[in-house]
Amino acid sequence: MAKRNRVETPEKQAKWIKEGRGSGYGENYKPWLTIHDVPSKGGRSRIAGTKIKREHHLLSNLERDYFLILEYRDSVVDIREQFPLFELTETLAIAKECGIEPPTDPVSNYPIVMSSDFRITIKDENGTVDVIRTVKPKGELMDERIIQKFEIERRYWKSKGLDWGIVTELEINQVLARNLNDLRSCHDLSNLDGLRSISVKNRNALISAFKQTVSGNRVVIRDMAHDFDSRMTLEIGTSLSIFKHLLYTKQINMDIDTVKLKFDTPQKISVGKSADIEVFAG
2 MAKRNRVETP EKQAKWIKEG RGSGYGENYK PWLTIHDVPS KGGRSRIAGT KIKREHHLLS
62 NLERDYFLIL EYRDSVVDIR EQFPLFELTE TLAIAKECGI EPPTDPVSNY PIVMSSDFRI
122 TIKDENGTVD VIRTVKPKGE LMDERIIQKF EIERRYWKSK GLDWGIVTEL EINQVLARNL
182 NDLRSCHDLS NLDGLRSISV KNRNALISAF KQTVSGNRVV IRDMAHDFDS RMTLEIGTSL
242 SIFKHLLYTK QINMDIDTVK LKFDTPQKIS VGKSADIEVF AG
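Everything in the sequence shown is counted per this note's numbering, starting at 2 for the first residue and increasing by one.
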């Protein structure tokens, strides 16, 4: 396989802009950088969104975990990862003003178009607002060069009237992220093998019936799901997938913020919508 050319030049920047990178909204957005455009340091991932129906390009495990939590929150209506600081002349001017060397491509030595990890659109009672968040391990914040680049980012987004902040592993709920990673595959049950042959009307009735049986203070989820599979003559494992679907879509409540998902020990489960939790640290 031919080695991918990752050198950033004016020609490549113009090509990416022509391709629409860094532009669009929702499912039409194209990230400025993809997992193929940066050297592998481990942890890169390409994830199909449950909220925004497109592939998301995450360049680290921390980015992935933060993304999973953002996607789960009702107040988040759009997530645009690897969002560019398009005005190169402006970032160069900021760098000069700060006495900082601008980021350049190590091969071409040409100034790169910088990008922030996330541009997040949040809705509230007053409408929507965008914020910029950059994700970084806490230990790397001692690196002077990283801080210099962050200062360029901060000033650039301030000039655009956008709130900018840093998110570290201390602000990312790792338990919640792991639980969401386990649940999100059941966000859409339309392709679940055990339900594929059932009409939409009967499927909805089945899910509604399951939801009414799951509530309680000491529910052993796996036992309850297995019993429901047997009573309804469903393929084994179908009801556990229904449970995950109901939990991920917030139709039932259970502590997934502080406790790792356990299906074999008694759990407290209730029917109803859970409250959103603030995730926009910075």
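All C-beta atoms, glycine included, are put in the ideal place defined by N, C-alpha and C.
For clarity, every value in this text was computed on a predicted model and none was experimentally measured.
By how many angstroms is the C-alpha of Gly-273 removed from the C-alpha of Phe-244?
13 Å
Less than 7 Å between the CB of Ala-178 and some heavy atom of the ligand GDP, yes or no?
Absence of the ligand GDP from the depicted structure is noted, as is the absence of any ligand whatsoever, leaving it without description.
For Thr-122, the first and last residue of its enclosing alpha helix (DSSP H)
Careful: Thr-122 lies outside any alpha helix (DSSP H), inside the beta strand (DSSP E) at 116-125.
What separation, rounded to the nearest whole angstrom, lies between the Cα atoms of Ser-231 and Met-225?
10 Å
Cβ pair Ile-133, Trp-158 closer than 8 Å:
yes
Where do the ends of the alpha helix (DSSP H) carrying Asp-228 lie?
222-232
Let me check one thing: in DSSP terms, what residues is Gln-268 bridge-paired to?
Paired residues: Val-220.
I'd like to know whether the C-beta atoms of Leu-262 and Asp-183 end up nearer to each other than 8 Å.
Yes, the pair counts as a contact, with Cβ atoms nearer than the cut-off.
CB of Ile-95 within 8 Å of CB of Gln-149, strictly
no
Is the segment 53-71 in contact with the segment 29-45, if contact means three or more CB pairs nearer than 8 Å?
yes
Given a cut-off of 8 Å on the beta-carbon distance, is the pair Glu-152 and Cys-99 in contact?
yes
Alpha carbon to alpha carbon, how far is Val-300 from Asp-256?
Coverage of the chain is limited to positions 2 through 283, which leaves residue 300 absent and any answer about it impossible.
Given this structure, state the Cα-to-Cα distance separating Val-130 from Glu-64, to the nearest angstrom.
21 Å
Alpha carbon to alpha carbon, what distance is there between Ile-253 and Ser-186?
17 Å
Is it the case that the Cβ atoms of His-188 and Thr-51 are separated by a distance below 8 Å?
yes
Go ahead and label Gly-23 buried or exposed: buried means 16 or more other beta carbons lie within 10 angstroms of its beta carbon, across all protein chains shown.
buried
What does the Cβ neighbour count give for Met-2, buried or exposed, with the cut at 16 atoms within 10 Å?
Any reading at Met-2 must be qualified, since the residue scores a pLDDT of 36, below 50, and its modelled position is unreliable; no value is offered.
Per DSSP, the bridge partner or partners of Pro-104:
Per DSSP, none; premise fails for Pro-104.
Using the three-state DSSP reduction, which class does Val-130 fall into: helix, strand or coil?
strand
So what does Ile-48 bridge to, in DSSP terms?
Partner(s): His-57.
Between the CA atoms of Phe-264 and Lys-4 - distance to the nearest angstrom
Confidence at Lys-4 is low in this model, with a pLDDT of 46, below 50, so its placement is unreliable and the value that follows should be read with caution. Whole-angstrom Cα-Cα distance: 45 Å.
Going by Cα to Cα distance, which pick from Trp-165, Ser-117, Ser-216, Ile-80 is closest to Ala-49?
Of the candidates Trp-165, Ser-117, Ser-216, Ile-80, the one whose C-alpha sits nearest the C-alpha of Ala-49 is Ile-80.
Just checking my contact of Ile-301 with Thr-135 at CB under 8 Å: how many whole Å lie between their CB atoms?
Any answer about residue 301 is impossible in this case: the structure gives the chain only from 2 up to 283.
Whole angstroms is fine: what's the gap from Lys-97's alpha carbon to Ser-46's?
35 Å
Between the segment 193-200 and the segment 71-90, are three or more C-beta pairs nearer than 8 Å?
no
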